[in-house]
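**Student:**
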Amino acid sequence: MTKKKSEDILDNAFRLYHQGYSPELIELPESAVFPSLIPAAPSTARKSRVTGLLLGEPGPRFVRRGRNVRYRLSDVLAWLSKVDPQRSTAEAFMAKQSLEASLNLSSE
Numbered sequence: 015m016t017k018k019k020s021e022d023i024l025d026n027a028f029r030l031y032h033q034g035y036s037p038e039l040i041e042l043p044e045s046a047v048f049p050s051l052i053p054a055a056p057s058t059a060r061k062s063r064v065t066g067l068l069l070g071e072p073g074p075r076f077v078r079r080g081r082n083v084r085y086r087l088s089d090v091l092a093w094l095s096k097v098d099p100q101r102s103t104a105e106a107f108m109a110k111q112s113l114e115a116s117l118n119l120s121s122e
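All the letters of the sequence shown, read from the start, carry residue numbers 15 to 122 under the numbering used here.
1) By Cβ distance, which residues of its chain are closer than 7 Å to S20, with the 5 residues on each side in sequence left out?
2) If you draw a straight line from the C-alpha of W93 to the C-alpha of R75, how long is it?
3) Identify which residue in L39, E41 and G70 has its Cα closest to the Cα of A54.
4) Of all the options S95, V97, R81 and M108, which has the alpha carbon lying nearest to the alpha carbon of P43?
5) Given a cut-off of 7 Å, decide if I40 and A27 are closer than it, judged by their beta-carbon atoms.
6) Which residue comes first and which comes last in the alpha helix (DSSP H) that contains R29?
7) Excluding the five sequence neighbours on either side, which residues of its own chain have a C-beta within less than 7 Å of the C-beta of P199, listed in chain order?
8) Spell out the partners DSSP gives Y85 in its beta bridges.
9) Measure the C-alpha to C-alpha separation of Y35 and L24 and round it to an integer number of angstroms.
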């Protein structure tokens, strides 16, 4: 799918969402979700459906329609809201160290 077509699909989906349509009823094709909404390659998305993890977190739920994989807008938004964003690799490293330190302190 071309980038322009993905953008059109996303624009239409968010237009419906803002008009009051339930995000559970709005389905997006995988190619519109990755990497436009979720910063991962489509191959990473395919692997996440097998492993259950995407970028170190449980991946968003998906729906299979025949051979096509689709994601409900509600599931994508829920996944994005619960993922802990890191602004840099240094910040991620510091967060990991802090978590490990707190786990070590609580086990003593």
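Just so it is clear, CB atoms sit at the ideal spot from N, CA and C, and this is done for glycine as well.
**Tutor:** By the coordinates alone:
1) S45, A46 and S50
2) 9 Å
3) G70
4) R81
5) yes
6) K17 to H32
7) In the structure as shown, the chain begins at 15 and stops at 122. Residue 199 is therefore absent and cannot be evaluated.
8) L42
9) 14 Å
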